[in-house]
Amino acid sequence: MEIARLHYITQDLPDISHWEQAGRACRGGADWVQLRVKNKSYEDWKAIALKTQEVCKQFQTRLILNDNAALAKEIEADGVHLGKTDLSPVEARKLLGDTFIIGGTANTLDDIRTLHEAKVNYIGCGPYRFTKTKENLSPIIGLEGYRILMKQCQAEGLKLPVVGIGGVLLADVPLLLQAGLYGVAVSSVINLAENPSWVTSGFLEELSLVRP
Ligand code: TZP
Ligand code: MG
């Protein structure tokens, strides 16, 4: 299955809903939306997810739920992104089946090895730099860190698409791709922009300039 090179991520914001955020990114061409909802009951989360799914379907954009494999299954999302404290990717695969997209979070080479073993479809590896978007950040990886990690992956034959995440800005894209990353996952740089659709299309343009 084709993994997008731009993983657009919604966030909890006071003045705009998750589905409106998704709509802005979709209008800019995003074909992959990760719904990142925090601190909501299952039912509230489900209501948000269904509204976001409606928007994504209009644009034929894939919807990936963060954290919640059960909800992803219930609403028949396209995928789920699992952190280290969520359901394990192995259990998620049993629950969701072979065609469901399962992504996992990595901070180290060991994490990447484990996720590869678990047959996830892609890996979100970060944080690239400090970001206010996520609490309890893992140690910063930085550009040199990615270079080293991606070289080690290549040496070990770990061929999964790895997207960089955490404080990624448009101007970072060329160097991150040169470091060996497949793509990027971004949230606030799009959500807090004056023109989120325009920034989204800027990312897609930058990513298209370098082959993975
Ligand atoms: N995981 C590691 S950093 C991060 C997540 C979800 C936040 C990404 O958001 P931003 O706003 O692009 O830094
Ligand atoms: Mg998570």
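Residue numbers (full-length UniProt numbering): 1 to 212.
Glycine residues also receive a C-beta, built at the ideal position from the N, C-alpha and C atoms.
With 16 or more other CB atoms across the displayed protein chains lying within 10 angstroms of its CB, L181 is buried.
When DSSP states are grouped into helix, strand and coil, N68 belongs to the coil group. Of the residues R27, L95 and A69, the one whose Cα lies closest to the Cα of V80 is A69.
Here G164 is near Y146, since their CB atoms are less than 8 Å apart. With at least 16 other beta carbons inside 10 angstroms of its own, Y122 counts as buried. Put simply, of M150, C153 and R129 the residue whose alpha carbon is nearest the alpha carbon of G142 is R129. When the alpha-carbon of A77 is set against those of Q53, Q58 and E2, the nearest one is in Q53. Nearest Cα to L109 within the set G124, Y8, T200 and N66: G124. Of I16, M150 and R62, the smallest CA-CA separation from R113 is found for M150. Secondary structure at G28: coil, using DSSP grouped into helix, strand and coil.
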